[in-house]
Each structure stands twice: as C-alpha cells, then as structure tokens.
Amino acid sequence: MYNNYAMTNLLQTKTSASILVKTLQELGVDSIFGYPGASVLSIYHELSKVEGIKHFLVRHEQAAVHAAEGYARASGKTGVVLVTSGPGFTNTVTGIANAYADSTPLVILAGDVANTNNNDKVFQKVDIKSITHSCCKKTMILTPEDNISDFIKNAFFEAQSGVKGPVVTVLPRNLLESAATLSHHAEKLDITNPIPDFNEQLKSFTHLLNSAKNPLILVGGGCIDAAAEIEQFVSILQIPVVSTLMGIGIYPSENNLYLGMIGINGTDAANEALSQCDLLIAFGTAFSDRSTCKRNDFAQNCKIVSVNLQPSSRKFELTINTDVKPFLQKCIEQKHSFHTKDKWRTEIDIFKETIPPAEEISSCLHSSFVLETLSEYTKYYEPVVVTDVGQHQMLTAQFFNFNKPRKFITSGGMGTMGFGLPAAIGAFIANPDNLVLNITGDGSFQMNLQELATCREHHIPVKIIIMNNSYLGMVRELQEKIYKTRYQVEMINPDFTKIAEAYDLFAIRVKHKEELIPALEKAINHSGTAIVDIVIDSFENI
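Given below as structure tokens:
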C-alpha cells in the first residue's frame, strides 16, 4: 500500500501541455516544425523548458508540414508539426493532403479554440475534423476524459502503424492549459504490424513465378523499409526491376537489372519490359494513373501479383495484403523453391543496348544536360535529392542514379509545387551529415521561397538548384500537346540572386554550359545555403 509521500511522487499534477511535451520526449521526438499562436502558447512555454527537442520556426504553416514530411521521409521517423487555431491550421491542409497521398507518417499538433465556447462566432474557430475528413489518416479530438499522454501516443501509433500517414490531433486551448495528472509508469509505445499467415499465398506465388518466362518486379514506395530484402531477392532470381516514381532508389539504379521508372514519364527500357513481361510482381505499389498511363488495359498481357499492405480495388491474379518486408523474408528463406530467369535477363540486356542515348537538339542549356551533369558531379557525396514538381522532377527521376532508399524525396501522389525547399530543410535536419540538394523550377521555388529565412536563421546548408525557364514548363508542354497553344504560363521572374542577397545567402547564375561545373563547385563548397540559378531552354519538352 502506498503512503502519501509515495503516491505524491507517483502522480504529479501538471498542465496537459507539460505532459504533452514530456510524452514527446519519451517518444524520442527531437524536431518540431511549427508556427506559434495563442492556442498553443502553453505548449511553446513547456518546450522552452526542455532539452532534446528543437523547434524550427518556419515562415508559413504549409512549409511546416512539408518540412516535417522531408524529415520523416529522410529518417523513417514520424514528423511533428505544431500550429495554432484557425488559419494556422487551415494553412496546413495542402501539406497534410500531400503526406496522406504519399503515406508519410506525421502528427499534427493543431491548437483549437476552447471547447467550452460553442457560439457560432468565435475568433479562429474552424471545424478541423470536417476539413480533414478526406485528406488525413485520422483526426483525433482531445476531450476532458482523455489521458493526454495516451492520447499523443495513440496518435503516433496510428501514424506509424499499418499504411502510414498523417494524423491530426485537435487540442482545445482550455484543455492544454488545464491541470492534468501524469503517471510515471506510462507504457512504452510499441509499433509492430501483425504478420498474417500467408503460407498458402506463398505457394501460389511460387507456382506463378516458376511458370513465368518473363517476370518483372515493380517496386513502389510501399516497400521503402524492405530495400535490403528486395536486393537479395533479385540477386537470387536475376529478375529485371522497374519502379514507380515513389519507388526510386529502393533498388540500386546502377545495377544492370534496373531498367528505370515506368509510366507516362518513364524510361523506354522500363515501359518496353513492362509490355513484354508475362508476370508483373508489384511490391508496395498502388498502381496510380501516372504509373498505368491512365489506361484500363495496363499490363493486360501479363498476370499481376500485388504484395501491398493497402488493399486495392483492382483485380489481380494474386493479392497478398501484407508488409513487403516479412513476405520477402519468407521468400528468401525458401529461395531454393524458385527458378532463376537467366534467359529473360539476357534478353533485357540486349534490349537495353539497342536504346539510343539522348541527344542534344540545340546549343541551348537543357535541363537534361544539367541534371546529368549534376548527378555525375555529386555522386561521390551520395546526396539526398529533394525535388519540387514539374519537368525537372521527371527528369531528375530519369537522369539521377539513386542507389539507396530515402535519397530521392518528391511529391508523388499530389504533385505539390512548393514542396521542395521546406522538405529539403526537413531532410537536412534529419540527416545533417548528408549533402542535400533541392532541385526546383522557377515556378515551384516561388511557392515557398520565404523559407530561405528559415535556412538563414538555422544555418541549413541546402543547395538549391533552380531550373529557370521562365515558364510553368510542364503546363506549357501539356497545353501545346493537347490544346495547341499556351495560356498564362510565361513567367516574369525576379532576379533570384538578388533575393538570395536580401536573405544574406550565396547565389550564382549559370547561362552557359561551361559555367555549370564551376558554379556547382562554388555552391557545394559554400558552408551555408546556396542558390544556383540556371537559365535553361524555355521550350524543352520531356
């Protein structure tokens, strides 16, 4: 039986905000991206008292979410966002939707107005749950009955378990500031996905694979944690590999068995192999319209096996709803049950040799040349490459060699312009020993260029490569192809080097091929943030 002194030490009365911050410490949170406001000042007050958690003040709440995404994608951890009520939260919605589309684990700590005031007209009151209904994994509203520590731990569990994604926690101001009880014996968070019994499905998979003459492996973003198993499985069977945009880097690009990305902007080798295969083994892919080229007859000449945690409405020859990693571990244990595919591998090697290399079509500086040069120049560093969205994104996917997972970070499911710079900030904070490149377009860069201030304040040495063609290049290309014209896509840009100067950052402009490598050398050797503004051909298509 506890005496009064022991009971006092076991249970301490604190505010919910203080217990929330202590719980974040217990969960190993080291970085928070946010923007303060009245509803969450109690949390900020408690953060100022603790060590081990650093808050990064961004200049816009959307950027806070993208930075947390970059952190999560580069580290494998859960990114954390802290914003206030009303517009503080609504500014996060694009980022939350982006994280949801790309299955990125985030916890958004969203301050809200007091839940005691139910009047229609309350300053900064919005219905957060209704807003997030279709664009996040789960929305959790803190109530007086909740244990705040368990509430936060449940949010992290939800973000990381099963199909990962963003979880929004709605935190009414009055509850954060109210007294709460802290137990020192809170249970440790255990995030483990149950492994189903797929022995019968494995038998069917083995039969399909051994019966196939031309099997092909498709790697998607859902197998980011199974890179080692995929590489081992491929080495055993010698099966060619293609990827989706989100799967780039999971299997080494420099391996001869890798053929590139499939889809609308995919490589000829990858799409040709897809057309010739008789069995497509899809690991961790959702078969989005960009991969299937919006066609209902996608891969109609082959059987498809889908191994993915997330169920699909598509009908496949065999569907195995599980994590890719344990399934492949089981396959590797039974490797002697599989037949190698040396003949098909030889045919693929011959086919790759027949594809002519890309040629320069003019003396203008092309983004394809820039990206190929950048890839070669930086390969020693094994950089983390974060792109924005547009032509530069697709060409980066084609021309860069990514040989490890978590080295290519991009907005896949939503295609969010403005993602790149804040995501690059988060990626660097997750891995400060890495060279981080933000490859962006002049349009995308201007969506969130205010985050240069965040770079300057926190001395974040991201190298920003602007592919400056004075157009919204992807839109211009589509309008030319579909509508035979251009409409409101030519951009009168500011001088990006002068903008850098205003933020007290290094910048250099490149207009000619011979200037490129010297400019890259200066930028990479610079100790802080650096911008390389590259003027490229305005009418290059991909």
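Counted from 1, the sequence shown has number 1256 at position 302 by my numbering; the numbering is strictly sequential.
Positions of the beta carbon are idealized from the N, C-alpha and C atoms, including for glycine.
Model, not experiment: these values are computed from the prediction.
Backbone CA spacing between residue i and residue j [nearest angstrom]
{"i": "Asn1209", "j": "Leu1036", "result": "41 Å"}
{"i": "Thr1327", "j": "Lys1361", "result": "18 Å"}
{"i": "Gln1230", "j": "Ile1085", "result": "45 Å"}
{"i": "Gly1395", "j": "Pro990", "result": "30 Å"}
{"i": "Val1464", "j": "Ala1022", "result": "31 Å"}
{"i": "Glu1411", "j": "Asn1392", "result": "18 Å"}
{"i": "Asn1479", "j": "Thr1093", "result": "44 Å"}
{"i": "Gly1201", "j": "Glu1307", "result": "24 Å"}
{"i": "Cys1318", "j": "Ile1414", "result": "32 Å"}
{"i": "Phe1292", "j": "Ser1267", "result": "29 Å"}
{"i": "Trp1298", "j": "Ala1227", "result": "10 Å"}
{"i": "Asn1423", "j": "Ile1490", "result": "5 Å"}
{"i": "Leu1163", "j": "Ser1260", "result": "13 Å"}
{"i": "Ile1216", "j": "Pro1150", "result": "30 Å"}
{"i": "Asn958", "j": "Glu980", "result": "Only weak support is given to the placement of Asn958: the predicted model assigns it a pLDDT of 46, under 50, and the question is left unresolved by the model."}
{"i": "Ile1453", "j": "Ile1462", "result": "11 Å"}
{"i": "Val1076", "j": "Phe1373", "result": "32 Å"}
{"i": "Val1343", "j": "Leu1199", "result": "12 Å"}
Cβ-based neighbour list, residue i, same chain, cut-off 7 Å, excluding 5 preceding and 5 following
{"i": "Ser1132", "result": "Thr969 and Ser970"}
{"i": "Met1348", "result": "Asn1219 and Ile1496"}
{"i": "Gly1482", "result": "His1413, Pro1415, Leu1459 and Phe1460"}
{"i": "Ile1184", "result": "Val1173, Cys1177, Ile1204, Tyr1205, Phe1237 and Leu1282"}
{"i": "Thr1048", "result": "Gln1016 and Thr1370"}
Cβ neighbour criterion (16 or more within 10 Å) applied to residue i
{"i": "Gly1040", "result": "buried"}
{"i": "Arg1430", "result": "buried"}
{"i": "Gln1254", "result": "exposed"}
{"i": "Ala1180", "result": "buried"}
{"i": "Asp1074", "result": "exposed"}
{"i": "Leu1432", "result": "exposed"}
{"i": "Pro1098", "result": "exposed"}
{"i": "Val983", "result": "buried"}
{"i": "Asp1487", "result": "buried"}
{"i": "Ala1456", "result": "exposed"}
{"i": "Thr1408", "result": "buried"}
{"i": "Glu1494", "result": "buried"}
{"i": "Gly1006", "result": "exposed"}
{"i": "Gln1352", "result": "buried"}
{"i": "Pro1472", "result": "exposed"}
{"i": "Thr1123", "result": "buried"}
{"i": "Tyr1054", "result": "buried"}
{"i": "Tyr1437", "result": "exposed"}
{"i": "Val1004", "result": "exposed"}
{"i": "Asn1153", "result": "exposed"}
{"i": "His1014", "result": "buried"}
{"i": "Ser1398", "result": "buried"}
{"i": "Ser1189", "result": "exposed"}
{"i": "Gln1442", "result": "exposed"}
{"i": "Ile1304", "result": "exposed"}
Beta-carbon contacts of residue i that lie in its chain and below 6 Å, excluding the five residues immediately before and after
{"i": "Thr1246", "result": "Phe1252"}
{"i": "Pro1376", "result": "Ala1017, His1020, Ala1021, Asn1402 and Glu1405"}
{"i": "Ala1484", "result": "Lys1417, Phe1460 and Ala1477"}
{"i": "Thr962", "result": "Annotation note: pLDDT 42 at Thr962 (below 50); position unreliable, no value reported."}
{"i": "Glu1000", "result": "Ala971, Ser972 and Val975"}
{"i": "Pro1265", "result": "Asn1275"}
{"i": "Phe1237", "result": "Val1173, Cys1177, Val1261 and Val1278"}
{"i": "Leu1170", "result": "Pro1194, Ala1227, Cys1231 and Leu1234"}
Sequence-distant residues of its chain with Cβ nearer than 8 Å to residue i (five each side left out)
{"i": "Ala1381", "result": "Gly1024, Tyr1025, Arg1027, Ala1028, Val1338, Val1340, Ile1363, Asn1388 and Val1390"}
{"i": "Ala1113", "result": "Thr1032, Pro1059, Leu1060, Val1061, Lys1091, Gly1119, Pro1120 and Val1121"}
{"i": "Glu1468", "result": "none"}
N-terminal and C-terminal residue of the beta strand (DSSP E) that residue i is part of
{"i": "Pro1448", "result": "Pro1448 -> no beta strand (DSSP E), and no H or E assigned at all."}
{"i": "Phe1382", "result": "Note, Phe1382: premise wrong, no beta strand (DSSP E); alpha helix (DSSP H) at Gly1374 to Ala1384."}
{"i": "Lys1092", "result": "Lys1092 to Ile1095"}
{"i": "Asn1392", "result": "Val1390 to Gly1395"}
{"i": "Leu1233", "result": "Leu1233 to Phe1237"}
{"i": "Thr1341", "result": "Val1338 to Thr1341"}
Start-to-end residues for the alpha helix (DSSP H) that takes in residue i
{"i": "Phe1410", "result": "It should be noted that the sequence gives Arg, not Phe, for residue 1410. Segment Leu1406 to His1412, the alpha helix (DSSP H) holding Arg1410."}
{"i": "Ser1322", "result": "Ser1321 to Thr1332"}
{"i": "Leu1228", "result": "Asp1222 to Gln1230"}
{"i": "Thr1086", "result": "Ile1082 to Thr1086"}
{"i": "Phe1110", "result": "Ile1102 to Gln1114"}
{"i": "Ser1260", "result": "Premise fails: Ser1260 lies in the beta strand (DSSP E), Lys1257 to Val1261, not in any alpha helix (DSSP H)."}
{"i": "Gly1214", "result": "Taken as a continuous stretch (DSSP letters only), Gly1214 belongs to no alpha helix (DSSP H), being part of the beta strand (DSSP E) at Tyr1212 to Met1215."}
{"i": "Ile1419", "result": "From DSSP, Ile1419 is part of no alpha helix (DSSP H) but of the beta strand (DSSP E) over Lys1417 to Asn1422."}
Counting only runs of 3+ residues fully inside the region 979 to 1023, write out the beta strand (DSSP E) ranges in chain order. The beta strand (DSSP E) runs of length 3 or more contained entirely in the region 979 to 1023 are, from start to end of the chain, 985 to 989 and 1008 to 1011.
List, from N- to C-terminal side, the alpha helix (DSSP H) runs of 4 residues or more that fit wholly inside the region 1127 to 1207. Inside the region 1127 to 1207, DSSP marks whole alpha helix (DSSP H) runs of 4 or more residues at positions 1127 to 1131, 1153 to 1165 and 1181 to 1191, from first to last along the chain.
Taking only runs of the beta strand (DSSP E) that begin and end inside the region 1273 to 1316, which ones reach a length of at least 3 residues, in chain order? Scanning the region 1273 to 1316 from its first residue to its last, no whole beta strand (DSSP E) run of 3-plus residues comes out.
Could you tell me which uninterrupted beta strand (DSSP E) segments, each at least 3 residues in length, are contained entirely in the region 1031 to 1087, listed from first to last along the chain? Whole beta strand (DSSP E) segments, 3+ residues: 1033 to 1037 and 1060 to 1066.
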